[in-house]
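Visitor: Position one of the sequence shown corresponds to residue 297 (the working numbering), numbered consecutively onward. Heads up, the beta-carbon is just placed ideally off N, CA and C, and yes, glycines get one too.
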Amino acid sequence: MGWWIRARETRTSRERVRSERSGPHDFPEPTSPALAHGDERADLLAELADARGALIGTVRGLSDEQIAERPTVSALCLGGLLKHVASTEESWLRFVVEGPSAMSFELPEGVTWEDFGAGTASAYPQWAIDRQNDFQVLPGETLAGILARYEEVAARTEKVVASLTDLSVTHPLPEAPWNEPGAVRSVRRVLIHVIAETTQHAGHADILREAIDGQTST
């Protein structure tokens, strides 16, 4: 198997960029209580919003068919990147709230990680199937629907983070070959990871968009 709201504060340059990128698929202003200027939570949410904005900008003006195209040698498509990043943010914020049970990586009975990694497993867990499907636009999926789901995920992230009092709280990571035994992650590190993941894929998406019609989001 192969493998993004913002807090209120004065950020003139970022507000200018958002204004220039405004369009029918932009997220609305956050509805949760405003965080104080300089609050670490506000800073992290603002960075995450900027990263989301860069990613969303890459699909502006495209059709449902275009977001499913794979215009480069990779198997990536714009719709799949949007779905993957939304799922990544959603799962990590569930981890913040629920702990490791929110990210279980159990395998079917009789299936080993060696079989799983080699692609020879007799059966695959639903979490792996879902992850694979996240990288493609499935029949019936639309850009509007994918963005609406991303908006819901973003709104939940803002609500959760605004409610937190300590970003240093940790949870153990779920058992998986890619996680060191006994490793933990703080809320702060989770948010930094989600920002980095979103930013990285926004770069990938910019390349895909340019390959589709010569346009970029920057």
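Please tell me whether L374 and V393 are closer than 9 Å, where the distance is taken between their beta carbons.
Guide: It is not a contact, given that the beta carbons lie outside the stated cut-off.
Visitor: Pull up the distance between the alpha-carbon of G349 and that of V433, whole angstroms please.
Guide: Taking the straight line joining both Cα atoms gives about 20 Å.
Visitor: Would you please state the rounded distance, in angstroms, between the beta carbons of T494 and S482? I believe it to be under 8 Å.
Guide: About 19 Å separates the two Cβ atoms, so there is no contact after all.
Visitor: S482 bridges to which residues according to DSSP?
Guide: Looking at the DSSP assignment, S482 forms a beta bridge with T466.
Visitor: When the Cα atoms are used, what is the spatial distance from G541 to D509?
Guide: Nothing about residue 541 can be reported from this structure: the residues present for the chain run from 297 to 514 only.
Visitor: With DSSP as the reference, label F431 as helix, strand or coil.
Guide: DSSP places F431 in coil when its eight states are reduced to three.
Visitor: CA-CA distance, P329 and P468?
Guide: For P329, the predicted structure reports a pLDDT of 49, less than 50, and the residue's modelled location is therefore unreliable. The matter cannot be settled from this model.
Visitor: Quick check: L439 and L372, are their CB atoms within less than 9 Å of each other?
Guide: No; because the gap between Cβ atoms is not below 9 Å, this pair is not in contact.
Visitor: What's the C-alpha gap between I442 and Q511?
Guide: Computed Cα separation, rounded: 21 Å.
Visitor: To the nearest angstrom, report how far apart P404 and A419 are at their CA atoms.
Guide: Spanning the two alpha carbons is a distance of roughly 7 Å.
Visitor: Hey, how far is the Cα of E361 from the Cα of S387?
Guide: One C-alpha to the other measures close to 27 Å.
Visitor: Looking at E336 and R484, is the spacing between their C-beta atoms short of 9 Å?
Guide: Cβ atoms of R484 and E336: closer than 9 Å.
Visitor: Rounded to the nearest angstrom, what separates F412 and S383 at their Cα positions?
Guide: Taking the straight line joining both Cα atoms gives about 21 Å.
Visitor: For D339, which option in I503, I488, D502 and L504 has the closest C-alpha, if you only look at C-alpha atoms?
Guide: For the residues I503, I488, D502 and L504, the minimum Cα distance to D339 belongs to I488.
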